[in-house]
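Visitor: Attaching a single structure in structure tokens format; questions to follow.
In mature numbering (1 follows the signal peptide of the UniProt record, and there is no 0), the protein residues as written are -24 to -1, 1 to 213.
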């Protein structure tokens, strides 16, 4: 008689401890990976005299070392365009159907600040900065090298090129939580400044300045993988 009672008591105690520990972990666990996509508006700052805003699309895969320290691999596809063959003095105009690949580290403020006692810090915890390395493949599909206003004026360059670049990024990640208080969906708003280590982004070789392209992006990420990794502090408040 005593043994069944003892077994029942121990089983009840074990179940209670398990439930308690599970509840204690609510708000601490996160998934190790995210997969996502975003749309963007890209602009080139190079050798053309006017700047155009053009669409781009990004696909990304993220490894979450913690909820606030991330490593992102990103592929970008889109168009870069600038200049005017008729209205500008140089006559420079180009269209670049580009593809870019980026690997970058990303640090969110939640990694380094205490957000448990401050609503302001809790709002700031998802603000991030990012830096890495990238590689862009330029494919100039339309270009004007001759000036209509200055006879004989010509700007040389390559129609196809491949160049490394340094991606810098600042943004904010809105985290949406599931019923277990784990970040399952993330809305990402960001600005990227990409410093190209070459002069082929617009197809023109002119001047001493390197080319730059910027992007404003709006994206969504979905957490994948087992969400049994526990962070050192509660993620949501």
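All residues carry an ideal CB built from backbone N, CA and C; glycine is no exception.
Kindly identify the DSSP beta-bridge partner or partners of residue 13.
Guide: Counting from one through the chain shown, the residue named residue 13 turns up at place 37. DSSP, once it has assigned bridges, lists 35, 196 as partnering residue 13.
Visitor: Beta-carbon within less than 6 Å of residue 149's beta-carbon, same chain only, minus the 5 sequence neighbours each way: which residues are those?
Guide: In the chain shown, residue 149 corresponds to position 173, counting from 1. Cβ within range, chain order: 102, 162, 164.
Visitor: Find the nearest neighbour of residue 46 within the set 124, 80, 119, judged by alpha-carbon distance.
Guide: The sequence position of residue 46 within the chain shown is 70, counting from 1. Among 124, 80, 119, the Cα nearest to that of residue 46 is on 80.
Visitor: Let me know the secondary structure DSSP gives residue 44 once reduced to three states.
Guide: Position 68 of the chain shown, counted from the start, is the residue given in the question as residue 44. Of the three classes helix, strand and coil, the one that applies to residue 44 here is coil, per DSSP.
Visitor: Residues in its own chain within less than 7 Å of residue 56 by CB, not counting five upstream and five downstream?
Guide: Here residue 56 refers to the residue found at position 80 of the chain shown. Hits under 7 Å: 18, 20, 30, 72, 74, 177, 189.
Visitor: DSSP on residue 95, reduced to helix/strand/coil?
Guide: Within the chain shown, residue 95 is the residue found at index 119, counting from 1. Residue state, collapsed to three classes: helix.
Visitor: What's the gap between the Cα of residue 59 and the Cα of residue 210?
Guide: Counted from its first residue, the chain shown places residue 59 at position 83. Counted from its first residue, the chain shown places residue 210 at position 234. Straight-line Cα distance between these residues: approximately 51 Å.
Visitor: If we count Cβ pairs, one from each stretch, closer than 8 Å, do we get three or more for the segment 178 to 185 versus the segment 63 to 70?
Guide: Touching, yes, given that three or more Cβ pairs across the two stretches are closer than 8 Å.
Visitor: Going by beta carbon distance, what residues of the same chain come within less than 8 Å of residue 13, once the five residues before and after it are set aside?
Guide: Position 37 of the chain shown, counting from 1, holds the residue named residue 13. These residues qualify, in order along the chain: 33, 34, 35, 36, 195, 196.
Visitor: Quick check: the Cα distance between residue -4 and residue 185, rounded to an integer number of angstroms?
Guide: To locate residue -4, count along the chain shown from 1; it is residue 21. To locate residue 185, count along the chain shown from 1; it is residue 209. At residue -4 the pLDDT is 45, less than 50, meaning the model places this residue with poor confidence; the figure from the coordinates comes in the next sentence. For residue -4 and residue 185, the distance between alpha carbons rounds to 59 Å.
Visitor: Go ahead and pull the three-state DSSP assignment for residue 139.
Guide: Along the chain shown, one-based indexing puts residue 139 at 163. Strand at residue 139.
Visitor: Leaving aside the five residues before and after residue 130 along the sequence, list all residues of the same chain whose C-beta is less than 7 Å from its C-beta, in chain order.
Guide: Walking along the chain shown from the start, residue 130 turns up at place 154. Around residue 130: 121, 122.
Visitor: What three-state label does DSSP hand residue 81 in the structure shown?
Guide: Along the chain shown, read from residue 1 onward, the residue named residue 81 stands at position 105. DSSP places residue 81 in strand when its eight states are reduced to three.
Visitor: To the nearest whole angstrom, what separates the beta carbons of residue 16 and residue 193, a pair I think is in contact under 8 Å?
Guide: Within the chain shown, numbered from 1, the residue matching residue 16 stands at position 40. Within the chain shown, numbered from 1, the residue matching residue 193 stands at position 217. Indeed, because the Cβ distance is near 4 Å, the residues count as touching under 8 Å.
Visitor: Just to check my reading of the structure: residue 140 and residue 173 have Cβ atoms closer than 8 Å, yes? What is that Cβ distance to the nearest angstrom?
Guide: Position 164 of the chain shown holds residue 140. Position 197 of the chain shown holds residue 173. Yes, residue 140 and residue 173 are in contact; Cβ-Cβ is about 5 Å, under 8 Å.
Visitor: For residue 211, name the three-state secondary structure that DSSP assigns.
Guide: The count along the chain shown starts at 1 and reaches residue 211 at position 235. Coil at residue 211, not helix or strand.
Visitor: From which residue to which residue does the beta strand (DSSP E) around residue 168 run?
Guide: Stepping through the chain shown from its first residue, residue 168 is reached at position 192. Counting along the chain, the beta strand (DSSP E) containing residue 168 begins and ends at 159 to 172.
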